[in-house]
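For the sequence shown, the working numbering assigns the number 398 to the initial residue and increments by one for each residue that follows.
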Amino acid sequence: MGDELWIHHITPKTGKAPLNDPRLAHLLNVPVGEVVTRRLRVTGPEGEPAFQISTTWIHPRISEEVPEIVRIGCSAKDEKAVDVTQVVIPGDRMEEVARLRRDDSAKWPHQATGPDGPPVAPGP
398 MGDELWIHHI
408 TPKTGKAPLN
418 DPRLAHLLNV
428 PVGEVVTRRL
438 RVTGPEGEPA
448 FQISTTWIHP
458 RISEEVPEIV
468 RIGCSAKDEK
478 AVDVTQVVIP
488 GDRMEEVARL
498 RRDDSAKWPH
508 QATGPDGPPV
518 APGP
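#1: Which residues does DSSP pair with histidine 405 in a beta bridge?
#2: Take proline 428 as the anchor and find which of Pro409, Lys413, Thr408 and Asp418 has the nearest alpha-carbon.
#3: State the DSSP-derived secondary structure class of proline 415, mapped to helix, strand or coil.
#4: Quick one: residues in its chain with C-beta nearer than 7 angstroms to the C-beta of threonine 434, no 5 flanking neighbours on either side, listed in chain order?
#5: With 16 as the cutoff for other CB atoms within 10 Å, does threonine 408 come out buried or exposed?
#6: Given a cut-off of 8 angstroms, decide if leucine 425 and leucine 437 are closer than it, judged by their beta-carbon atoms.
#7: Answer yes or no: do aspartate 480 and threonine 452 have a C-beta to C-beta separation smaller than 8 angstroms?
#8: Which partner residues does lysine 477 have in the DSSP bridge list?
#9: In whole angstroms, what separates the C-alpha of arginine 458 from that of glutamate 401?
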């Protein structure tokens, strides 16, 4: 709900840590294992169990300038990543919307010799 008050369920923790997740390191454009500033927050509506775990990885080149980054993804100065926030939310408390785009090579029906093998669904 737009009007519910969210609180921290633990005191937010900030410190240096290696960014070992290859996908997140790629998004932040740092080598896997690079030591960066990490902020961990556990939040949710007041009076309810914790709802969201957020881990923000802050690029070393900006971490001293803006210690209170909240969900900024790219710098206005150079359009490069300055933080990556990983969020964990229970599936029954969220809705995901994604736009899928089919490549021109993904034609139906599939060819028996193609990478998808023979068709498994009846044809039109």
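Beta carbons are placed, not taken as given, at the ideal position from N, Cα and C, and that holds for glycine.
Values in this document were obtained by computation on a predicted structure and should not be read as measured data.
Reading off the structure:
#1: On the sequence shown, position 8 is the one that residue 405 refers to. The partner list for histidine 405 (beta bridge, DSSP) reads Thr440.
#2: Taking the first residue of the sequence shown as 1, we reach residue 428 at position 31. When only C-alpha atoms are compared, the closest one is Asp418.
#3: Within the sequence shown, numbered from 1, the residue matching residue 415 stands at position 18. In the structure shown, proline 415 sits in a strand (DSSP, three-state: E or B).
#4: Sequence index remark: in the sequence shown, residue 434 carries index 37 (1-based). Same-chain partners within the cutoff: Thr411, Lys413, Ile455 and Ser460.
#5: Against the sequence shown, residue 408 aligns to sequence position 11. Burial call: exposed.
#6: By 1-based counting over the sequence shown, the position of residue 437 is 40. By 1-based counting over the sequence shown, the position of residue 425 is 28. Against a cut-off of 8 angstroms, the Cβ pair of leucine 425 and leucine 437 comes out as no contact.
#7: Your numbering for residue 480 matches position 83 in the sequence shown. Your numbering for residue 452 matches position 55 in the sequence shown. Not closer than 8 angstroms, so no.
#8: Residue 477 sits at position 80 when you count from the first residue of the sequence shown. Lysine 477 is not bridged to any residue.
#9: As a position in the sequence shown, residue 458 is number 61, starting the count at 1. As a position in the sequence shown, residue 401 is number 4, starting the count at 1. Using only the alpha carbons, I get a separation of about 35 angstroms.
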